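Line by line, the protein sequences give chains A and B.
When you line the first sequence up against this note's numbering, it's residues 24 to 733, in that order.
When you line the second sequence up against this note's numbering, it's residues 1057 to 1385, in that order.
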Amino acid sequence: MTTMTGPTPVTGSVGTAHTRVEGREKVTGAARYAGDIPYAELAHGWLVLSTIARGRIRSVEADPVLAMPGVLAVLHHGNAPRVNADYTGLLGRPDPTVAVFQHDRVPFAGWPVALVVAETSEQAREAADALVVRYDEEPHDVAFFAGHPGSYTPENGRAQPETSKGDIEAELAASAVVVDAEYTTPQEHHSALEPHAAMARWDSGRLEVVDSNQGSTWVAEELAKLFSLDPSSVRVRSEHVGGAFGSKGVRPHQVLAVMATTVLHRPVRVVLTRRQLFSLVGYRSPTAQRVRLGADADGRLRALDHEALSLTSKVYEFLEPSAAVGRVMYDADAHHTVNRVVALDVPTPTWMRAPGAAPGSFALECALDELAEKCGMDPIALRARNEPNAGPVSGAPFSSRNVLACFQEGARRFGWADRDPRPGLRREGRWLLGTGTAAATHPSGVAPSTASVTAECDGTFTVRITAADIGTGARTALTLIAAEALEVEPERVRVRIADSDFGPAMVAGGSMGTRSWAWAVTSAVRELRERLVPGGGIPPEGITARSNTTEAVGALPMLERHSFGAQFAEVAVDETTGEVRVRRMLGIFAAGRIVNPLTARSQLVGGMIWGLSMALHEEAVRDQASGALVGADLAGYHFAANADVPLVEADWVDDPDEEDPVGGIKGIGEVSIVGAAAAIANAVWHATGVRHRHLPIRPDRVLLAGAATA
Amino acid sequence: MREFGYQRVFDVPGAVALGADPEARYLGGGTNLVDLMKASVERPALLIDVRELPLDRIESTDDGGLHIGATVTNSDLAAHPEVRRRYPALAQAVLAGASGQLRNMATVGGNLLQRTRCAYFTDPARPCNKRNPGSGCAAVKGEHRNHAILGATEHCVAVHPSDMSVALAAFDARVTYETATGPGELPLTEFYLPVGDTPHLETALPPGALITGITLPPAPVAATSRYRKVRERASYAFAIGSVAAALDVQEGAVREVRLAFGAVASRPWRARAAERALTGAPATAEAFAAAADAELAAAKALPHNGYKVTLIRNLVVAVLTELTEEAAR
């Protein structure tokens, strides 16, 4: 027996910069991802997707392919195991896209129609290439546009599609200044660096899945439901994840690997290709938005009306809640927000970093800038004028709201005070220069989680929680949080994550992971410390305490809990070529207690860069004739290259919440993409005098707009 | 992706002998060919790796030009002091392309033979007359924002992706090659075939020919030259419009001018009408614009690529103005 703690409590782990605990493994290549791990007798599945956008599969001509070298099986709707997709999982009903090979209908281009399994990945790929699938094609509707006759407002469910107070038309009529503008954002993709990959095998009656996901309990529970298995007989692990951004939940690759291993009685891995990611793992819907703002001459809002349209597939209703951002940001005498949707013959969109808030803030924060121009007000002063005391729609108080402090600190550091508000005045050679700003916000939620903490007999501690580190540094953050609660050095804490056997926990999503897991970990530590007698002994198996925050989460008072921020950008625009270059970005955030400044800054900067990419580059284009995407790879789908990314600085202001049971930890995963594109678009206006309301702000758009005004 | 053979060759006759197989492809840096193989657009039975051939030199020719071996990498070409001194636009064009890693791999010969990045061409599920003759062109009525405004037909509106070739076209480069029956040579401006109704036939190279190098004739005007490329991000993207220009101004008048455009046609577009219009004209922005207009009068824009006409016109004016100022210094 050994004693459990040293004589001196160690504090201050939270808030101190710490490199990633698995950083060395990652940079030396020792960290193994789901697609890397070797298994004896491993077979490889290669997916075949539909080339038509709507119709039926007439035939899958498997025989010639089965005769090819190494081919073990061709799974399709005619021979695949049946699954049950009639259930409600952690995050609602499943997208039927995961119920692969259950019927002959094709609802979109890129729908899974067959899986070729072979001894090697190369053999599977060649055979998949050779597989002939015949279709009976039907006409498709893939055109997304404002006012599509199929648009509808979804029913109230988990999300609130529409909120309304006051008389918008009357307040607009009474307004001294009105902005009425339409904005669009294109289809955008998260395409993580590590594509989706899963290995499945049956081991002593248990199904084992080694995956790349955002929540291993989530995936395990849904696989159990899909295959009608006892939940305890499914184990899913996801040790390292090379990016996810909302795309790595229950997806066809896991289901296919389980089907194939069940049929073949040997381990099977399915890895999606870059192109397959573009149709199978979700994406951000394009949006068409209309914002109407009415204000008194001094900028006080009388009317805020935000209508947003997004698309979904015909097999599943996913709603991109773009109009929701105004429910938090700004109050008005009349306030109306609605998220509408239209179902098309396209793949199902999904959550992508800051769902709703990213495209919604582009429209709303650009509209605010247009209002500031019309009022002759500084854009920051306009926001200060409309700072609400409570949730504009909910009426609930804010747990903390320091957006104005962000603007103040940001303005100071960016040099905003010297800005001449007039557009089109600053020139440096062929470049017109301008600056812009926008607000950022994202909900900071929390969800029930379980954790265990073991005091080991060697004086170390082991935390077990089904968290996921999707590249954010979550494993390191939880190490610091546990160390702080235990009052020991972080080096004495070992955090094991991403194993569904550890019990249910929130997924890494919705900017809720760290806050949810931290609560479970600190609760378990509190429980453990009560059981440990100072100077007492630890048995060889250690002493373990467990936590479950379900009750505590349920008892949390209803408050508006959000992270906030202020985005600043400077751009250079060449109107003769249409080129736009961002020269610098500054983001100041109020995001609660920052756990690990090193990884937090990295995550915030990453979101801002993504916002830059959203502003200038990202756009997936659908071919209307075939209904398929054009150039669905990273040669065709552009995002910012290093040369596009200038000096990007992220920092934060104090944002304490003394009442918070989780010590004031908020989510930071998504807030920093919010408003970034608007700040850049506003800067482009300041540079050129031209409003760009359609993303991305491409050279052809700038060129034609510049030529039209010249 | 089809299983294929791979053979490294060490001499030109050996390469050409293997190249007689119609299912064989010469492999340079592989930066385009291997991608196309992964996409099943190219399905060669044999790759003949030519990187070890003794064609990796850049040498001055007797008449004061340069000969560039076919296996010289893009990086080495752009860094060569004589290229930078005598043909600066060529070095700039090469550096404007791809990324550092790709330029370290890519070869001059391969660069000439790279295929269009038209997304319909690289997706075997879609119609494309270039990949699958007779299947139709999906781009004409589809996504064609970065497609041709010059020299295209209803059979194909794809553009050639090379930056290097645009500068080469401006400088009257000649492509040298070897076949089983002996060597040959083609001016770069005749190396690429017109689109016509045979967009799948891209070059005038005889079947199985191996490019051995490029010859640049002496061109004093090229010492004052520039390449400007516009793309949808700051690096690592193909041009949406580019201009290679060389200019000799004497006493305010254009004595000699070279102009070629990129990303406007199935081949680098030598702007001879513009050159004719400008030769002898005053070196002014108005004259530069008029010269661009003379060339672009033949432009036929599709619904979504008309901006290229404005872009090329603006680039011509900007680049020639810069060169005029450079010459005056």
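Cβ coordinates follow ideal geometry from the N, Cα and C atoms, glycine included.
Bear in mind that the values here come from a model prediction, so they are computed numbers and not experimental data.
*Are A521 (chain A) and E262 (chain A) closer than 8 Å when you measure CB to CB?*
Counted from its first residue, the first sequence places residue 521 (chain A) at position 498. Counted from its first residue, the first sequence places residue 262 (chain A) at position 239. Yes.
*Would you mind working out which of A:L503, A:D524, A:R552 sits nearest R487 (chain A), comparing C-alpha positions?*
Walking along the first sequence from the start, residue 487 (chain A) turns up at place 464. Minimum Cα distance to R487 (chain A) is reached at A:D524.
*Going by alpha carbons, who is nearest to L1257 (chain B) out of B:N1361, B:D1067, B:K1186, B:A1348?*
Position 201 of the second sequence, counted from the first residue, corresponds to residue 1257 (chain B). Taking each of B:N1361, B:D1067, B:K1186, B:A1348 in turn and checking the Cα distance to L1257 (chain B), the smallest one comes out for B:K1186.
*Residue span of the alpha helix (DSSP H) that contains W225 (chain A), given as start and end*: Start at 1 with the first residue of the first sequence, and residue 225 (chain A) comes out as number 202. Here W225 (chain A) belongs to no alpha helix (DSSP H); instead the beta strand (DSSP E) covers 220-226.
*Could you tell me whether any Cβ in chain A is nearer than 8 Å to the Cβ of N1370 (chain B)?*
Reading the second sequence from its first residue, position 314 is the one you call residue 1370 (chain B). Yes - at least one Cβ of chain A is within 8 Å of the one on N1370 (chain B).
*Anything in the stretch 702-732 of chain A with a Cβ closer than 7 Å to a Cβ of chain B? List those residues in chain order, please.*
Listed by position, the residues of the stretch 702-732 of chain A near chain B (Cβ gap below 7 Å) are R721, P722, D723, L726, L727, A730.
*asked:* Nearest by alpha-carbon distance to A247 (chain A): which of A:P117, A:R406, A:P620 is it?
replied: To locate residue 247 (chain A), count along the first sequence from 1; it is residue 224. For A247 (chain A), the closest C-alpha among the options A:P117, A:R406, A:P620 is that of A:P117.
*asked:* Any beta carbon from chain B within less than 8 Å of V644 (chain A)'s own beta carbon?
replied: Residue 644 (chain A) sits at position 621 when you count from the first residue of the first sequence. With 8 Å as the cut-off, V644 (chain A) counts as an interface residue toward chain B.
*How would you list, in chain order, the residues of chain B whose beta-carbon sits under 7 Å from the beta-carbon of T600 (chain A)?*
Taking the first residue of the first sequence as position 1, residue 600 (chain A) is located at position 577. Residues of chain B passing the Cβ test: V1286, L1367, N1370, L1371.
_Below-8 Å beta-carbon distance, V653 (chain A) vs any chain B residue_ = For the purposes of this step, residue 653 (chain A) is identified with residue 630 of the first sequence, where counting begins at 1. At least one chain B Cβ lies under 8 Å of V653 (chain A).
*Since T51 (chain A) meets chain B, which of its residues come closer than 9 Å, beta carbon to beta carbon?*
Indexing the first sequence from 1 puts residue 51 (chain A) at position 28. Within 9 Å of the CB of T51 (chain A), no CB atom of chain B is found; the nearest one sits about 21 Å away.
_On the criterion of 16 or more Cβ atoms from any shown chain inside 10 Å, does T42 (chain A) qualify as buried, or is it exposed?_
Your numbering for residue 42 (chain A) matches position 19 in the first sequence. Burial call: exposed.
*May I ask which residues mark the beginning and end of the beta strand (DSSP E) holding M608 (chain A)?*
Start at 1 with the first residue of the first sequence, and residue 608 (chain A) comes out as number 585. Unbroken beta strand (DSSP E) run through M608 (chain A): 602-613.
_Check this for me: beta carbons of D234 (chain A) and V257 (chain A), under 8 Å apart or not?_
Sequence index remark: in the first sequence, residue 234 (chain A) carries index 211 (1-based). Sequence index remark: in the first sequence, residue 257 (chain A) carries index 234 (1-based). V257 (chain A) is positioned such that its CB atom lies no closer than 8 Å to that of D234 (chain A).
*Simplified DSSP assignment, three categories, for L1146 (chain B)*: Working through the second sequence from its first residue, we reach residue 1146 (chain B) at position 90. Note: L1146 (chain B) maps to helix in three-state DSSP.
*To the nearest angstrom, how far is it from the Cα of L324 (chain A) to the Cα of V426 (chain A)?*
The residue you call residue 324 (chain A) lines up with position 301 of the first sequence. The residue you call residue 426 (chain A) lines up with position 403 of the first sequence. Distance from the CA of L324 (chain A) to the CA of V426 (chain A), rounded to the nearest whole angstrom, comes to 18 Å.
*What is the C-beta distance between S1322 (chain B) and V1215 (chain B), in whole angstroms, given that I count them as a contact (C-beta under 8 Å)?*
Along the second sequence, one-based indexing puts residue 1322 (chain B) at 266. Along the second sequence, one-based indexing puts residue 1215 (chain B) at 159. Going by Cβ atoms, the distance from S1322 (chain B) to V1215 (chain B) rounds to 7 Å, so yes, they are a contact pair.
*asked:* Taking the beta strand (DSSP E) that A318 (chain A) belongs to, which residues open and close that run?
replied: The count along the first sequence starts at 1 and reaches residue 318 (chain A) at position 295. In the DSSP assignment, A318 (chain A) falls within the unbroken beta strand (DSSP E) covering 310-318.
*Anything in the stretch 1232-1248 of chain B with a Cβ closer than 8 Å to a Cβ of chain A? List those residues in chain order, please.*
Cβ contacts with chain A come from no residue of the stretch 1232-1248 of chain B.
*Could you round the C-beta distance between R376 (chain A) and A655 (chain A) to whole angstroms and report it? I think they count as a contact, below 8 Å.*
Locating residue 376 (chain A) in the first sequence gives position 353, where the first residue counts as 1. Locating residue 655 (chain A) in the first sequence gives position 632, where the first residue counts as 1. Not quite, the Cβ-Cβ distance comes to about 19 Å (not below 8 Å), so this is no contact.
_Reduced DSSP category for R1284 (chain B) - H, G, I as helix; E, B as strand; rest coil_ = As a position in the second sequence, residue 1284 (chain B) is number 228, starting the count at 1. Residue state, collapsed to three classes: strand.
*Terminal residues of the beta strand (DSSP E) in which R517 (chain A) lies*: Counted from its first residue, the first sequence places residue 517 (chain A) at position 494. Taken as a continuous stretch (DSSP letters only), the beta strand (DSSP E) holding R517 (chain A) covers 516-520.
_Please report the straight-line C-alpha distance between A169 (chain A) and A76 (chain A), rounded to a whole angstrom._
In the first sequence, counting from the first residue as 1, residue 169 (chain A) sits at position 146. In the first sequence, counting from the first residue as 1, residue 76 (chain A) sits at position 53. Taking the straight line joining both Cα atoms gives about 22 Å.
*Determine which residues share a DSSP beta bridge with L1303 (chain B) and list them.*
As a first step, residue 1303 (chain B) must be located in the second sequence, where it is residue number 247. Beta-bridge partners of L1303 (chain B) (DSSP): B:V1313.
*Taking only runs that begin and end inside the stretch 54-102 of chain A, name each unbroken beta strand (DSSP E) of 3 or more residues, in chain order.*
Whole beta strand (DSSP E) segments, 3+ residues: 66-72, 78-84, 94-99.
*In the structure shown, what three-state DSSP assignment does T26 (chain A) receive?*
Walking along the first sequence from the start, residue 26 (chain A) turns up at place 3. Interpretation of T26 (chain A) is limited by its pLDDT of 46, a score under 50 that renders its predicted location unreliable; no figure is taken from the coordinates.
*So which residues on chain A does E1059 (chain B) lean against when the C-beta distance must stay under 7 Å?*
Counting from 1 along the second sequence, the entry for residue 1059 (chain B) is found at position 3. Those are E149, listed as they occur along chain A.
*Return the CA-CA distance between W225 (chain A) and L287 (chain A), expressed in angstroms with no decimal places.*
Counting from one through the first sequence, the residue named residue 225 (chain A) turns up at place 202. Counting from one through the first sequence, the residue named residue 287 (chain A) turns up at place 264. When rounded, the distance between both Cα atoms is 10 Å.
_Secondary structure of E593 (chain A), DSSP reduced to three states_ = Sequence index remark: in the first sequence, residue 593 (chain A) carries index 570 (1-based). In the structure shown, E593 (chain A) falls within a strand segment according to DSSP collapsed to helix, strand and coil.
_Beta carbons nearer than 7 Å to chain B: which residues of the stretch 65-79 of chain A have them?_
Listed by position, the residues of the stretch 65-79 of chain A near chain B (Cβ gap below 7 Å) are T74.
*Give a yes or no on whether the C-beta atoms belonging to P513 (chain A) and L501 (chain A) are separated by under 8 Å.*
Taking the first residue of the first sequence as position 1, residue 513 (chain A) is located at position 490. Taking the first residue of the first sequence as position 1, residue 501 (chain A) is located at position 478. Contact flag unset, no.
*Closer than 8 Å, CB to CB, is K1197 (chain B) near chain A or not?*
Indexing the second sequence from 1 puts residue 1197 (chain B) at position 141. Between K1197 (chain B) and chain A, the shortest Cβ-Cβ separation is below 8 Å.
*Cα separation between E1079 (chain B) and H1211 (chain B)?*
Here residue 1079 (chain B) refers to the residue found at position 23 of the second sequence. Here residue 1211 (chain B) refers to the residue found at position 155 of the second sequence. Cα to Cα, E1079 (chain B) sits roughly 25 Å from H1211 (chain B).
*Are the beta-carbon atoms of G712 (chain A) and G399 (chain A) separated by less than 8 Å?*
As a working note, residue 712 (chain A) is residue 689 in the first sequence. As a working note, residue 399 (chain A) is residue 376 in the first sequence. In this structure, G399 (chain A) does not lie closer than 8 Å to G712 (chain A) by Cβ.
_Taking a contact to mean a Cβ-Cβ separation below 8 Å, would you say A1327 (chain B) touches E1351 (chain B) in this structure?_
The count along the second sequence starts at 1 and reaches residue 1327 (chain B) at position 271. The count along the second sequence starts at 1 and reaches residue 1351 (chain B) at position 295. Annotated as proximal: A1327 (chain B) and E1351 (chain B), with beta-carbon spacing under 8 Å.
*By Cβ distance below 6 Å, which residues in the same chain neighbour R1230 (chain B) in space, the five residues on each side in sequence not counted?*
Counted from its first residue, the second sequence places residue 1230 (chain B) at position 174. Cβ within range, chain order: E1241, P1243, T1271.
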